[in-house]
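Down below is the structure, laid out as structure tokens.
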Amino acid sequence: MDWHATTILSVRRGDRVALGGDGQVTLGTTVMKADAVKVRKLLDGQVLTGFAGSAADGFALLERFESKLRDYPNNIPRAATELAKLWRTDRMLRRLEAVLIVVDARHSLLLSGSGDVIQPSDGILATGSGGPYALAAARALSAHSGLSATEIVREALQIAAGIDIYTNGHLTVEELKCAT
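If you're matching positions, the sequence shown starts at 42 in the working numbering and goes up one per residue.
Written as structure tokens, this is what we have:
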């Protein structure tokens with residue numbers, strides 16, 4: 042996919058998981074808004090989500106994911122799998138152009154319209170146009186610093202914003218305490 046829509050990054054480190062995203066909304070080659078919020082809390086703050094891609098499509102998917110979370114409380118892998126199945130088979134949903142990253146105290150998952158539900162082996166996920174830059178920066182910072190999950194997300198997103206023209210430095214970062 043050729044994303045020109047944002048950067049979302051999640052890092053799981055120690056007893057914390059952080060999820061962040063930038064605020065840029067781009068239409069073609071024009072920045073339409075710099076302070077959009079593409080990271081949300083669901084289930085009374087127990088689940089964090091972020092989306093890259095079309096804003097309307099991202100919000101439509103977030104609503105459906107929240108519905109699946111209510112159907113399968115405390116089981117985001119099942120809710121994510123059910124959404125991915127629906128996303129892939131429903132005629133209207135198949136046209137949605139967005140990717141979701143969802144995290145809770147135990148799981149980090151990336152969901153795509155092709156039916157992917159990916160859990161990283163290193164606890165780091167990224168998507169969007171600046172995703173590869175943020176992912177590389179987060180992996181380097183995780184391996185070679187003592188920064189917290191939130192600090193790594195902020196620093197890696199700032200690095201991505203310095204490289205990717207579709208990512209800016211207006212960040213929203215949320216954090217959860219991980220299960221022990």
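Ideal placement from N, C-alpha and C gives every residue a C-beta, glycine not left out. No experiment lies behind these values; they were computed from the predicted model shown.
Select from the options the residue whose C-alpha is nearest the C-alpha of residue i.
| i | options | result |
| --- | --- | --- |
| G172 | D76, V78, G94 and V72 | G94 |
| G203 | A178, A190, T168 and A96 | A178 |
| I206 | P118, G169, T213 and K218 | G169 |
| P114 | A184, D163 and D85 | D85 |
| E103 | E192, L137, L217 and Q199 | It should be noted that the sequence gives Leu, not Glu, for residue 103. Nearest of E192, L137, L217 and Q199 to L103, Cα basis: L137. |
| F100 | G156, P118 and V140 | V140 |
| K126 | P118, G156, S162 and K218 | G156 |
Are the CB atoms of residue j and residue i within a distance shorter than 7 angstroms?
| i | j | result |
| --- | --- | --- |
| L110 | A121 | no |
| G62 | V88 | no |
| R105 | L83 | no |
| G91 | A77 | no |
| R54 | A190 | yes |
| H211 | A75 | yes |
Looking only at its own chain, which residues have a Cβ that is under 8 angstroms from the Cβ of residue i, when we skip the five neighbours before and after it?
| i | result |
| --- | --- |
| M73 | V66 and T67 |
| E17 | Residue 17 is absent from the structure shown; the chain starts at 42 and stops at 221. |
| D112 | A120 and E123 |
Can you give me the Cβ contacts of residue i inside the same chain, cut-off strictly under 6 angstroms, excluding the 5 residues immediately before and after it?
| i | result |
| --- | --- |
| L166 | S51, I142, S149 and L151 |
| A201 | T48, G171, Y174, A175 and T208 |
| R147 | A220 |
Could you give the DSSP three-state label for residue i: helix, strand or coil?
| i | result |
| --- | --- |
| L83 | strand |
| G172 | helix |
| A93 | strand |
| G61 | strand |
| T191 | helix |
Excluding five sequence neighbours on each side, which residues of the same chain lie with their C-beta closer than 7 angstroms to the C-beta of residue i?
| i | result |
| --- | --- |
| S108 | none |
| S160 | According to the sequence displayed, residue 160 carries Gln and not Ser. Answer for Q160: H148, S149 and L150, listed in chain order. |
Any heavy atom of the ligand PLP inside 6 angstroms of the beta-carbon of residue i?
| i | result |
| --- | --- |
| N209 | Ligands in the displayed structure: none, and consequently the ligand PLP is not present. |
Review point. If you scan the segment 113-168 from start to end, which runs of the beta strand (DSSP E) of 3 or more residues do you find wholly inside it?
Key: Whole beta strand (DSSP E) segments, 3+ residues: 139-144 and 149-152.
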